[in-house]
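**Student:** Quick one: this structure, given as structure tokens, is what I'll be asking you about.
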Amino acid sequence: MNELAGKHIVLGLSGGVACYKAAELCRQLIKEGATVQVVMTQAAEQFITPVTMQALSGRTVYGSQWDAREPNNMPHINLSREADAILVAPCSADFIARLVQGRADELLSLLCLARPLQRVPLLLAPAMNREMWAHPATQRNLVQVAQDGAVILGVGSGDQACGETGDGRMLEPEELVEELVAFFAPKVLAGRKVLITAGPTFEALDPVRGITNLSSGKMGFAIARAAREAGADVTVVAGPVHVPTPRGVQRVNVQSALEMQAAVERHLQSASVFIATAAVADWRPAHASSQKIKKDGSGDAPTLAFVENPDILAAAAKSRQALEGHLFCVGFAAESHDLLAHATAKRVRKGVPLLVGNIGPATFGQDDNALLLVDSEGHRELPRASKRVLAKQLIEDIASRLPR
Ligand code: C5P
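In terms of our numbering, the sequence shown opens at residue 11 and continues consecutively.
Have a look at this one:
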């Protein structure tokens with residue numbers, strides 16, 4: 011989606027098996043619209059050749075501070091000043107130690123040291139064996155480089171090239187791209203806690219059956235990602251959906267409306283924004299059978315009785331926090347027709363300052379959508395676009411409504 015359009019990234023590779031992932035990372039950065047200048051240490055060249063990285067980035071690779079291609083013979087100055095960010099991936103334990111010491115005897119650490127600290131961020135994607143990662147020296151060095159202004163992107167956990175299993179794997183290329191995109195996003199929700207409900211609920215009839223709806227959770231999770239990118243601390247309470255959790259977002263899985271209500275109550279106290287995108291079932295079976303309901307041979311269908319579910323959003327909007335102006339509540343309305351009239355009425359009924367209308371069949375399961383934002387003043391349309399784009403626009407809109 012060209013999320014990194016106009017960004018120039020210096021992609022630094024230090025020595026490690028994870029260099030093989032740097033090739034894919036480079037490709038994905040370019041697919042997102044970035045230009046990429048690769049710089050490799052000598053150790054990195056043991057794992058992957060500059061030929062591969064040159065072919066993927068479309069630029070010759072730098073590996074030496076004595077590179078005579080630069081007219082002033084100062085690649086460390088020129089390359090660092092052109093960059094919108096320097097991303098070292100993989101970043102070895104040794105390279106972190108070199109950064110801590112401010113070493114400058116090879117090009118990559120030299121250009122990290124020479125970068126204008128205030129203008130050119132340095133992001134590190136560590137990659138190493140789990141014992142090396144857990145070693146007090148590495149942990150001590152990580153604290154120090156972070157204090158010196160580097161951003162540590164974290165590590166993954168799992169099988170390692172050495173045959174061991176644990177923390178220290180480099181994040182996957184798509185995770186690193188997600189982190190970089192998040193890094194560049196304006197931090198309009200910095201310091202805010204955002205709680206989001208997403209997906210459908212599932213109301214059990216018996217151990218194998220229940221009632222649910224076609225909500226996919228995609229809109230709610232897109233909003234969660236955008237809120238996190240905007241600097242918020244985000245929790246999503248999700249009904250049964252198979253949407254991956256965005257990086258840095260806390261996820262609480264629930265099934266029924268009652269479970270969703272309990273989870274929301276647990277997390278609401280500390281929240282300053284509540285966005286209810288979930289398609290909560292209006293009713294649940296009055297008595298869920300503990301055993302599968304069987305046909306009794308009479309030809310008669312069972313009679314099912316329903317009770318109404320609590321309205322999670324309306325309750326949040328009536329909480330003391332919301333009434334005192336410490337919690338901003340946003341509702342969603344999935345309608346099939348007369349969107350403006352229904353959304354306007356629903357906003358008042360739910361007691362929320364902002365209600366977002368959309369057409370149910372046009373959004374459930376889709377990757378794009380169109381939104382109608384209704385507040386006490388009137389309405390504004392967010393025209394059809396991907397849920398990703400709409401989520402960013404909605405978060406920007408919500409942020410502008412919050413008390414400073
Ligand atoms: O009343 P309706 O279900 O159309 O309202 C939709 C809005 O209310 C959504 O924001 C939805 O998440 C929220 N809701 C809720 N609890 C319910 C029903 C709806 O939070 N029981």
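Even for Gly, the Cβ is constructed at its ideal location relative to N, Cα and C.
Every value quoted in this text rests on a predicted model; they were computed, and no experiment measured them.
1) Under the rule that 16 or more other beta-carbon atoms within 10 Å means buried, what is E116, buried or exposed?
2) Nearer than 7 Å: is that true of the beta carbon of A288 relative to any heavy atom of the ligand C5P?
3) Can you tell me whether M11 is helix, strand or coil according to DSSP?
4) Could you spell out the range, first to last residue, of the beta strand (DSSP E) harbouring Q260?
5) Using the Cβ count rule (16 or more neighbours within 10 Å means buried), how would you classify H347?
6) Pull up the distance between the alpha-carbon of L224 and that of V253, whole angstroms please.
7) Just to confirm, is the Cβ distance from A281 to V384 under 8 Å?
8) Go through its chain and collect everything with a Cβ distance to T222's Cβ below 6 Å, but skip five positions before and after it.
9) What are the boundary residues of the alpha helix (DSSP H) that includes L404?
10) From the DSSP output, which residues share a beta bridge with I19?
11) So if DSSP puts L383 in a beta bridge, which residue, or which two residues, is it bridged to?
12) Please give the ranges of any alpha helix (DSSP H) in the region 227–276, keeping only runs that are unbroken, at least 4 residues long and fully inside the region.
13) For the region 298–313 against the region 343–361, are there 3 or more C-beta pairs whose distance is under 8 Å?
14) By Cβ distance below 8 Å, which residues in the same chain neighbour I19 in space, the five residues on each side in sequence not counted?
15) To the nearest angstrom, report how far apart I285 and Q279 are at their CA atoms.
16) Using CA coordinates, which residue listed in N379, L23, H389, N83 is at the minimum distance from A351?
17) Evaluate the contact criterion for the region 259–267 versus the region 163–182: three or more CB pairs, one atom per stretch, below 8 Å.
18) Tell whether a beta-carbon distance below 8 Å holds between A344 and G375.
19) Please report the Cβ distance between E42 and N12, rounded to the nearest whole angstrom; I am assuming they are in contact, meaning their Cβ atoms lie under 8 Å.
20) So T62 and G25 are supposed to be a Cβ contact under 8 Å. How far apart are they, rounded?
21) Between the Cα of N139 and those of T313, T354, T175, spot the shortest distance and give me the residue it belongs to.
22) So, is N153 buried or exposed, given that buried needs 16 or more other C-beta atoms within 10 angstroms?
23) Could you check what DSSP says for L163 in three-state terms: helix, strand or coil?
24) Determine, using beta carbons only, whether I206 and L404 come nearer to each other than 8 Å.
25) DSSP puts R357 in a beta bridge; with which residues?
26) Inspect the beta-carbon positions of M229 and N379 and report whether they are closer than 8 Å.
27) Are the Cβ atoms of R235 and S266 separated by less than 8 Å?
**Tutor:** Here's the rundown:
1) Position 106 of the sequence shown, counted from the first residue, corresponds to residue 116. Its Cβ being crowded by 16 or more others within 10 Å, E116 is buried.
2) Against the sequence shown, residue 288 aligns to sequence position 278. For the ligand C5P, a non-hydrogen atom lies closer than 7 Å to the CB of A288.
3) Translated into positions along the sequence shown, residue 11 becomes position 1. If DSSP states are grouped into helix, strand and coil, M11 belongs with coil.
4) In the sequence shown, counting from the first residue as 1, residue 260 sits at position 250. Start and end: 260–263.
5) The residue you call residue 347 lines up with position 337 of the sequence shown. Exposed is the call here.
6) On the sequence shown, residue 224 is found 214 positions in, with the first residue counted as 1. On the sequence shown, residue 253 is found 243 positions in, with the first residue counted as 1. About 13 Å.
7) The residue labelled residue 281 in the question sits at position 271 within the sequence shown. The residue labelled residue 384 in the question sits at position 374 within the sequence shown. Their beta carbons are not under 8 Å apart, which means A281 does not touch V384 by this criterion.
8) Within the sequence shown, the letter at position 212 stands for residue 222. Closer than 6 Å at Cβ, skipping near neighbours: P210, F212.
9) Locating residue 404 in the sequence shown gives position 394, counting from the first residue. First-last of the alpha helix (DSSP H) with L404: 397–411.
10) Position 9 of the sequence shown, counting from 1, holds the residue named residue 19. V46, A95, per the DSSP bridge assignment.
11) Residue 383 sits at position 373 when you count from the first residue of the sequence shown. In the DSSP output, where bridge partners are listed per residue, L383 has V366, R390.
12) Runs of the alpha helix (DSSP H) inside the region 227–276: 228–239.
13) Verdict: no, contact absent.
14) Looking up residue 19 in the sequence shown gives position 9. Spatial neighbours of I19 in its own chain (CB-CB distance under 8 Å, excluding positions within 5 residues in sequence) are listed in chain order as L39, A44, T45, V46, Q47, A93, D94, A95, I96, L97, L190.
15) Numbered from its first residue, the sequence shown carries residue 285 at position 275. Numbered from its first residue, the sequence shown carries residue 279 at position 269. In this model, I285 and Q279 are separated by some 14 Å (Cα to Cα).
16) Indexing the sequence shown from 1 puts residue 351 at position 341. It is H389.
17) Pairwise C-beta distances place the region 259–267 out of contact with the region 163–182, as fewer than three of them are shorter than 8 Å.
18) If you number the sequence shown from 1, residue 344 lands on position 334. If you number the sequence shown from 1, residue 375 lands on position 365. No Cβ-Cβ contact shorter than 8 Å links A344 with G375.
19) Start at 1 with the first residue of the sequence shown, and residue 42 comes out as number 32. Start at 1 with the first residue of the sequence shown, and residue 12 comes out as number 2. Between the beta-carbon of E42 and that of N12 there is about 6 Å, and that keeps the pair under the 8 Å contact cut.
20) As a working mapping, residue 62 is identified with position 52 in the sequence shown. As a working mapping, residue 25 is identified with position 15 in the sequence shown. In fact, because the Cβ distance is near 15 Å, the residues do not count as touching under 8 Å.
21) Sequence index remark: in the sequence shown, residue 139 carries index 129 (1-based). When only C-alpha atoms are compared, the closest one is T175.
22) Locating residue 153 in the sequence shown gives position 143, counting from the first residue. The question names Asn, yet the displayed sequence has Val at residue 153. Label assigned to V153: exposed.
23) Here the question's residue 163 lines up with position 153 in the sequence shown. L163: coil per DSSP, three-state reduction.
24) Taking the first residue of the sequence shown as position 1, residue 206 is located at position 196. Taking the first residue of the sequence shown as position 1, residue 404 is located at position 394. Not a contact, by the Cβ cut-off of 8 Å.
25) Stepping through the sequence shown from its first residue, residue 357 is reached at position 347. Per DSSP, none; premise fails for R357.
26) Locating residue 229 in the sequence shown gives position 219, counting from the first residue. Locating residue 379 in the sequence shown gives position 369, counting from the first residue. A distance below 8 Å separates the beta carbons of M229 and N379.
27) Position 225 of the sequence shown, counted from the start, is the residue given in the question as residue 235. Position 256 of the sequence shown, counted from the start, is the residue given in the question as residue 266. 8 Å or more divides the Cβ of R235 from the Cβ of S266.
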